[in-house]
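Here's the structure we're looking at; comments come further down.
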Amino acid sequence: MNEASKTNNRWKAIAIVATAVALIACGAAAYLLGRPPVKEIVKETVTVEVTPAPTAEPAPTPEPTAPLSLWTEGALAKDALTAYMDMITSQGVGYIPPEDRIAVFDLDGTLFCETDPVYFDYSLLLYRVTQDEDYRDKATDFERETAKKIQDMILTGKSASGLEVDHGRSVASAFAGMTVPEFEAYCKMFRDLPARGYEGMTIGEGFYRPMLQVVDYLIANDFKVYVVSGTDRLIVRGIVKDSLLPVPAEQIIGSDETLVARQQGEADGLDYVFTDGDDVVLGGES
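Going by the working numbering, the first residue of the sequence shown is number 839, and it counts up by one from there.
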């Protein structure tokens, strides 16, 4: 093929491509001209009406716990107590003026659990003699023997003859020399230890709640409530102080051990004159 023929073929190819491009362009133009016009997009502000939620009513104030709510409705004891209270607080036959309203309770087995596993004061001595790292090596043979009797009582459920007397003597000697506030603080410390066998409960929380309601009910009706117990009165005060039982120390009566002045020595209590700076301490005898 000569040079002139090659040139002609190139031009034919260019013409064909150009024609194809023109046809595509015309088709595209015809398509666009045949479509409906594109609508202009207009941004509109839409107002939405929101209905406010109704204002919540304030939660009702819970009513105070009804007196004796832990007692079964219709129980003879509950009905008898409320009937008695109605009688003695209403003017008429049976009325008792507030200043003469006195109620007396035992502690162990009445207000406070006595079998968990034994009396609080027995458990206190057992802790002092066998677990207190500051004292157990100083405990006397008699105190250890008494502690052993308490442990046997826990295991068998039977109390050794004369244990209550031995216990009183052992408490007096095991805490001899402590001031009254120190002894009460020790009782509170033991009271606040975890109760064995219970989840999230301390030893000192072993009050019977229905009985606490009785005490509250009496106090609300102007009764003066006393606790009278065979347990050492200082131990009972240690249990009750800042507890669930609202009875002040001066209204707690119990057994006692000797109290002496630290500087008294061998002097008789009737002859010794208490001096400034001296302390009253447990004398070591029941």
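Beta carbons: idealized from backbone N, C-alpha and C, even for Gly.
Check                                                                                                                                                                               : Outcome
Report all residues from its chain with a CB closer than 7 Å to the CB of V1118; omit the five preceding and five following residues, and keep chain order.                         : T1017, V1018, L1097 and A1099
Based on DSSP bridge pairs, tell me the residues matched to I940.                                                                                                                   : K1062
Quick check on the DSSP output: the alpha helix (DSSP H) that includes S1008 runs from which residue to which?                                                                      : L1001 to A1012
Among residues of its own chain, excluding the 5 on either side of M991, which ones have a beta-carbon nearer than 8 Å to its beta-carbon?                                          : V956, Y960, S997, A998 and L1001
Report the rounded CA-to-CA distance for D1114 versus Q1101, giving the unit in angstroms.                                                                                          : 11 Å
For I1041, which residues in the same chain have their Cβ closer than 6 Å to its Cβ, ignoring the five residues on either side in sequence?                                         : R1029, L1031 and A1033
Kindly provide the ranges of any beta strand (DSSP E) runs that are 3 or more residues long and lie completely inside the stretch 1071-1111, ordered along the chain.               : 1090-1093 and 1097-1099
Would you grab the beta carbon distance between G1107 and S1011 for me? Rounded to a whole angstrom, and I think it's under 8 Å.                                                    : That pair is no contact at about 19 Å.
Might you give, ordered along the chain, the residues of its own chain that have their beta carbon closer than 6 Å to the beta carbon of G1092, omitting 5 neighbours on each side? : S1067, T1069, D1070, R1071 and V1074
Measuring CA to CA, which of Y965, A1105, L919 and C1025 is closest to S1081?                                                                                                       : C1025
Can you name, in chain order, every residue of its own chain whose Cβ lies under 7 Å from the Cβ of R1007, other than the five neighbours on each side?                             : S1124
In chain order, what residues of the same chain have a beta carbon less than 7 Å from the beta carbon of T927, not counting five sequence neighbours either side?                   : N1059
Using the three-state DSSP reduction, which class does G1068 fall into: helix, strand or coil?                                                                                      : strand
Output the boundary residues of the alpha helix (DSSP H) element that contains L949.                                                                                                : Looking at the DSSP string, L949 is not in any alpha helix (DSSP H), and its letter there is neither H nor E.
Please classify I940 as buried or exposed, where buried requires at least 16 neighbouring CB atoms within 10 angstroms.                                                             : exposed
Once you ignore the five residues that flank K881 on each side, which residues in its own chain have a CB closer than 6 Å to its CB?                                                : With a pLDDT of only 47 at K881, under the threshold of 50, the placement of this residue in the model should not be trusted, and no figure is reported.
Can you have a look at K987 and say buried or exposed, based on whether 16 or more other CB atoms are within 10 angstroms of its CB?                                                : buried
Since A1015 and L1120 are thought to touch, with beta carbons under 8 Å apart, how far apart are those beta carbons, to the nearest angstrom?                                       : Here residue 1015 is Gly; the residue named in the question, Ala, does not match the sequence. About 7 Å; that satisfies the 8 Å criterion.
Assuming P1086 contacts I1057 (C-beta within less than 8 Å), just tell me the rounded distance between them.                                                                        : The pair is not a contact, with the Cβ atoms about 11 Å apart (cut-off 8 Å).
When the distance is taken between beta carbons, is A985 closer than 8 Å to L962?                                                                                                   : no
Alpha carbon to alpha carbon, how far is V967 from A977? Give it in angstroms, no decimals.                                                                                         : 6 Å
Pop quiz: L945 and V1065 are said to be a contact at Cβ under 8 Å. What is the actual Cβ separation, rounded to whole angstroms?                                                    : 6 Å
Would you kindly work out how many angstroms separate the C-alpha atoms of G1076 and R982, rounded to a whole number?                                                               : 23 Å
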